[in-house]
Every structure is written in structure tokens, then in C-alpha cells.
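> I'd like to ask some things about the structure below.
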Ligand code: 0O2
């Protein structure tokens, strides 16, 4: 579904500003008031991203000393865009409010950790989950149980505290851990998904699945070599 900022503004007006006697200026002020808590919430998610990135950087540092190599190739963080949040809430028929965002969307803060070997994915997952300020909410192991299309990755939803000036706030973060090879496949598959003009879709799906299986085999052979 195509969505843009104007649609979001219109929806917020329709959802929340029902008083027909309000002037344009009053409407804008009211929208601003409603967006303020959402902006505040987004800044807390950015803090949570920093916390999780630091956790992985620390583990990478320690493991590089212990095992004489870095288990992490790269870490990418992203904050879900306002448009995507809105589209997701709209799909679920939920309101665009701070409370609704916080309780219904788990992947506003996302961290992707690209590892050298499959073994590193499991080592880092275990090391992270045994930290006493990390609470596991959901774990999906798409490496041991790949998706039907061949997608492989470790998915975690965790809750961690962020420490603010006067309080502590618990925040949810989605973490995806995968090898360089799995990431290569997922990135290309993601791009191909948006190519609507594909003629022989069944053939393309099968090809992608075959490529995922070949990539998994290469991952296993590289691990054996190591
Ligand atoms: P984006 O733009 O990457 O954020 P949920 O988010 O919980 O409503 P679901 O399907 O239950 O949806 O969660 P799941 O299975 O943990 O997958 C969430 C994310 O994993 C997706 O986020 C993708 O980033 C990635 N992912 C899952 N399946 C595939 C796949 O088949 N191919 C690729 N390339 N990536 C996948 P979003 O929100 O879809 O997109």
C-alpha cells in the first residue's frame, strides 16, 4: 500500500480531531501535541539501539581476545520509519498513539548483526541472552528451522532497560543475527520481492530456495574449513 506523510497527517486529524469548530491553527497545534510523545518515544528507541550496539561491541571485543578473531563482521541499526509504523498500525486497525506503538510493535528499534560463521551467531545469541538486564520476549531460530522460501536468520525480540535522568525505562529491540552469506541472500531476495513484473514466479521462488540451500551448504563448508 502506498503511504505518505500527508495520509498520516489526515488520518491523525480524522482519528483525533473531531471537533468541527476548531480553526486550522488549533488543529495544527493539536496534532503537534499528539506527535510530541511519539517523538519522545522514538528517542528512547534510539537510546535502546545504542545500548544493544554497545553490548555487541563489547562481546566482539572480548571474543576477539579469547578466540583471536572477530565474530562480528558488521552491525547495522535502524529505527522503523514513521510511515512503516503507521502502515503497520493501520493494517492491524490500531490507533497511532504512543501507547499503541509501544505495546503493539516490537520492531521499531532493529539491530542486524552480521557474523563470520554460523557458530558465531549462536555464541553471540547465548552470550547476550545470559546478561542479567536482558529479557527474552521472542526467539525465532530460522537457521535451524529455515522459512519455506529458504530465509535463514536468528531473530530475537528482547527487552532492555535504558537509564534516563530520573528513571529507568524498559524498551523492546528486534535483533537479527546471521552470517555474511545469509545476509547476502536476504538482501537480494528482499530487492527481488519488489520486482512485480516477474513472469515465471514459481520458477523464481524455486531458484531463490535453491540459492538459499547452496548458500547454507557453503556456510557449513566454510565452518568445517575453519
Ligand atoms: P523490514 O523492512 O526489514 O523491517 P512482525 O514484524 O513480527 O509483524 P513476522 O513475520 O512475524 O512479522 O516477523 P519475523 O518472521 O521475525 O520477520 C521480521 C523481519 O525479518 C522482517 O521485517 C524482515 O526484515 C526479516 N524477514 C523475515 N522473513 C524474511 C524473508 O523471507 N526474506 C527477507 N529478505 N527478510 C525476511 P519486515 O518488517 O518484513 O521488514
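Residue numbers (this note's numbering): 24 to 249. Ideal placement from N, C-alpha and C gives every residue a C-beta, glycine not left out. Computed from a prediction, not measured in an experiment: that's the story for all the values here.
1) At 3 residues or longer, and completely inside the stretch 188-220: list those beta strand (DSSP E) runs for me, N to C.
2) Measure the CB-CB distance between residue 167 and residue 209 and report whether it falls below 9 Å.
3) Pull up the distance between the alpha-carbon of residue 134 and that of residue 48, whole angstroms please.
4) I'd like to check one pair, residue 198 with residue 143: are the Cβ atoms closer than 9 Å?
5) With a CB to CB cut of under 7 Å and the five nearest residues on each side skipped, what residues in its chain are close to residue 97?
6) Thinking C-alpha only, which one of 245, 178, 103, 232 is nearest residue 201?
7) Less than 9 Å separating the beta-carbons of residue 64 and residue 125?
8) Grab me the residues of residue 301's own chain with a C-beta within less than 8 Å of its C-beta, minus the 5 sequence neighbours each way, in chain order.
9) By the three-class DSSP mapping on this structure, what secondary structure does residue 99 have?
10) Confirm, please, whether the CB-CB distance from residue 100 to residue 72 is below 9 Å.
11) According to the Cβ coordinates, are residue 102 and residue 131 closer than 9 Å?
12) Should residue 174 be listed as close to the ligand 0O2, given that the test is whether its C-beta is under 8 Å from any heavy atom?
13) Consult DSSP for residue 135 and reduce its assignment to one of helix, strand or coil.
14) Leaving out five residues before and five after residue 158 in sequence, what residues of the same chain have Cβ atoms less than 7 Å from its Cβ?
15) Considering Cα atoms alone, identify which of 173, 245, 185, 243 is closest to residue 227.
With the given structure in hand:
1) 191-202
2) In this structure, the beta-carbon distance from residue 167 to residue 209 does not fall below 9 Å.
3) Going from the Cα of residue 134 to the Cα of residue 48 covers about 39 Å.
4) In this structure, residue 198 does not lie closer than 9 Å to residue 143 by Cβ.
5) 137
6) 178
7) yes
8) Since the displayed the chain opens at 24 and closes at 249, residue 301 lies outside it and no answer follows.
9) strand
10) yes
11) yes
12) yes
13) strand
14) 181, 182
15) 173
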